[in-house]
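Quick mapping for you: the protein sequence lines, in order, are chains A and B.
All you need for my numbering is the position in the first sequence, starting with 1, plus 7.
All you need for my numbering is the position in the second sequence, starting with 1, plus 393.
All C-beta atoms in this analysis are idealised placements derived from N, C-alpha and C, irrespective of residue type, glycine included.
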Amino acid sequence: MAKKIYTVIIYLLLGILAVSCMVPFLLMLVNATRSGNEIMSSFTLIPGDSLKENWDAVWSYFNLFLGMWNSLKVAIPATLLTSYFSALTAYALAVYKFKGKKVIFYTIVVFMMIPGQLSLIGFYNLVSSLRLTDSYIPLIIPAIAAPGTVFFLRQYLLSVLPMSLLEAARIDGAKEISIFHKIVLPIMLPGIATMAIGGFIGNWNSYLVPLILLNSPKKFTLPVMVASLNASQDIATNQGAIYLAVAISVIPVMIAFCFCSKYIISSISAGSVKE
Amino acid sequence: MAYLFVLPFVVVFLIFSVYPVLRTLQLSFANYKGYGEIEFTGLKNYLRVFQDKFFWRALWNTVKIWGVNIVLQLSLAFLLTIVFSDIKYKIKGLSFFRAVYYLPNIIAATSVAFLFKTLLDWRYGTINQILLKVGVTNPIDWLGQTSTAPIVISLIQTWMWFGNSFIMLMAGVQGINTDYFEAAAIDGAGRWKRFFKITLPLLRPILLYVTITSLIGGLQMFDLPYLMGTVDGQPFGSTQTVIMYLYKYGFAMRPKQVGYASAIAYVLFLLILIISIIQFKVMNGKED
């Protein structure tokens, strides 16, 4: 009996915590359908009928779908570059013996510990002297060198790759690069996917670096665009429109999360339990 | 062949990671507006950082906001880990709850900031409307008082991050051999004893990882307080974090004080380094 009561209480508390994780989003959805005046005067969980007006208000202020498209234009190539080049680098570090290998490896470890703010000013300085501000290039190209991902994939490769497979392929006369593409890459795929999911989310949500680099509103990525709500006076008076703007930025991520939460969670677990 | 494979990484790494870090270091010894001449001034910027009471205020704000958050976040994550790893009451639904608890973390901090800023609005916000309905007489100015604004930001951080910590701790517990727990249970060790004698010591490496990554991330907090309290950390600078302070001098101000902002970056880095080393020593040192 005591066990039963305990179990019920535990589930109740877990449920309350789960609700508290979702309620702000629920309020957001409800308020996105109500007019600014309705929201200011009272609170309710029943959706209103001002979705269309709010939509028009948001649309007249900015095009959030352009923001999404811009975010995709940065996040997808950046994620692909990180995945491919990290795998290639990790493979070289795991399999070959060469001069300077140790130096590269230790530099990677040191740079994993260095917080990003240390490079922020130098990075901006470099980008502006290359005249690359307000372009996506400095948001994408640096993704080729992702120390954390290389480190993780190297450890991953050491634990999953049978060296005899490489020997066999070499005896058959396969070229080194095609060994990497045809044999190693497929074996690494689960590890790469784990890192790619985390990398994509990070890129998609990134705010500070795009904020300092992008000037023209039509190039803004989604977070920078959402943040520009701060500057707008006419939309700030209409809370319904603000809720809708936030909702539009949140809903695609939530839908994606419903489908791949399993992979996202395993990518976090993998990050903490290192070999 | 190996050189060819690592070449793209090394080139990009040198240009976009190593060079900027060294460039920031160089600029930290100079006077520079972001254009025009770079005038080297030795340690002047560093001396100024140490005497700048607004820097120390920003640092203290950051530590306070992070500190409240990490305590709450880890307590919650630990409680959840204990609940879900209990061998007597087999609580089901781990993957469901884990996903729901993680949900706030996946949303961009910019969206989270606007969502809460609007919900917490003093006059028209939904939270105050609910409170008024349940009998609170005066609306609370959550984001307008120095007594509440930093705590609100801590709580939002906790809301965003406890799921992440829980997943990491749970992954650690799942890596522990269940024989230990069963053997201890047979020997008569209770739930708390099992937790303190088996789970906690075996989780120490992961706990260290979680707190150090949280520290490095937390001391760089920017998006949430910046969007909720503007660059000056309203109200009265109580939510201004170190990175917001750095951003003010390095990017927002006209003319910029790039050298000073660089010195702030390096002072913060040294502090993070020292705290991490202490943390590492303390948490690893318990073993012997």
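- Residue state for residue 45 (chain A) is assigned as helix, using DSSP reduced to three classes.
- When C-beta atoms of the segment 162-175 of chain A are compared with those of the segment 208-226 of chain A, fewer than three pairs fall below 8 Å, so the two segments do not count as touching.
- Beyond the five residues adjoining it in sequence on each side, residue 451 (chain B) comes within less than 8 Å, by CB distance, of 626, 630, 633, 634, 635, 637 and 638 in the same chain, given in chain order.
- At a Cβ-Cβ threshold of 8 Å, residue 93 (chain A) and residue 160 (chain A) count as neighbours.
- Looking at A:64, A:84, A:153 and A:13, the one whose alpha-carbon comes closest to that of residue 236 (chain A) is A:64.
- Annotation: residue 403 (chain B) to residue 152 (chain A) spans about 7 Å, alpha carbon to alpha carbon.
- Under the three-state reduction of DSSP output, residue 433 (chain B) falls in the strand class.
- Judged by beta-carbon spacing, residue 560 (chain B) lies beyond the 8 Å limit of residue 608 (chain B), meaning their Cβ atoms are not closer than that value.
- In this structure, the CA atom of residue 120 (chain A) is about 12 Å from the CA atom of residue 663 (chain B).
- Straight through space, the alpha carbons of residue 214 (chain A) and residue 185 (chain A) are spaced by roughly 38 Å.
- Under a 10 Å Cβ-count criterion, residue 267 (chain A) is classified as exposed, with fewer than 16 other Cβ atoms of the shown protein chains found around its own Cβ.
- One finds 50 in chain A with Cβ atoms closer than 8 Å to the Cβ of residue 526 (chain B), taken in chain order.
- About 5 Å separates the Cβ atoms of residue 414 (chain B) and residue 126 (chain A), confirming a contact at the 8 Å cut-off.
- Looking from the CA of residue 671 (chain B), the closest CA among B:420, B:652, B:447 and B:601 belongs to B:601.
- Residue environment analysis places residue 562 (chain B) among the buried positions, since at least 16 neighbouring C-beta atoms fall within 10 angstroms of its C-beta.
- Looking at the DSSP output, residue 423 (chain B) bridges to B:433.
- The alpha helix (DSSP H) runs of length 4 or more contained entirely in the segment 506-546 of chain B are, from start to end of the chain, 519-526.
- The beta-carbon separation of residue 218 (chain A) and residue 191 (chain A), rounded to 38 Å, does not stay under the 8 Å limit for a contact.
- Among the residues facing chain B, residue 227 (chain A) is not included, as its CB has no counterpart in that chain under 8 Å away.
- The alpha-carbon of residue 43 (chain A) is positioned some 10 Å away from that of residue 250 (chain A).
- With a 10 Å radius around the Cβ and a threshold of 16 neighbouring Cβ atoms, residue 244 (chain A) comes out exposed.
- Using a Cβ-Cβ cut-off of 8 Å, residue 653 (chain B) does not count as an interface residue toward chain A, since no Cβ of chain A sits closer than that to its own.
- Separation of the CB atoms of residue 226 (chain A) and residue 61 (chain A) is rounded to 25 Å, and the pair is thereby denied contact status at 8 Å.
- Taken atom to atom, the span from the alpha-carbon of residue 462 (chain B) to that of residue 644 (chain B) is near 28 Å.
- Look at residue 198 (chain A) here: in three-state DSSP terms it is helix.
- Among the CB atoms of chain B, none fall inside 8 Å of the CB of residue 175 (chain A).
- Ranked by how close their Cα comes to the Cα of residue 67 (chain A), the residues A:263, A:39 and A:248 have A:248 in first place.
- For residue 465 (chain B), the nearest beta carbon of chain A is not closer than 8 Å to its own beta carbon.
- Membership of residue 473 (chain B) in the alpha helix (DSSP H) is indicated by the continuous run 446-478.
- No Cβ-Cβ contact shorter than 8 Å links residue 22 (chain A) with residue 232 (chain A).
- In the structure shown, residue 177 (chain A) adopts helical secondary structure according to DSSP, grouped into three states.
- Pairing residue 566 (chain B) with residue 474 (chain B) gives a Cβ-Cβ distance under 8 Å.
- Ranked by how close their Cα comes to the Cα of residue 652 (chain B), the residues B:398, B:460, B:394 and B:425 have B:425 in first place.
- For residue 151 (chain A), the neighbours in chain B by C-beta distance under 9 Å run, in chain order, 401, 402, 404, 405, 406 and 409.
- Considering only beta carbons, the part of the segment 172-198 of chain A lying closer than 7 Å to chain B consists of 183, in chain order.
- Residue 50 (chain A) is a Cβ neighbour of residue 526 (chain B), given a cutoff of 8 Å.
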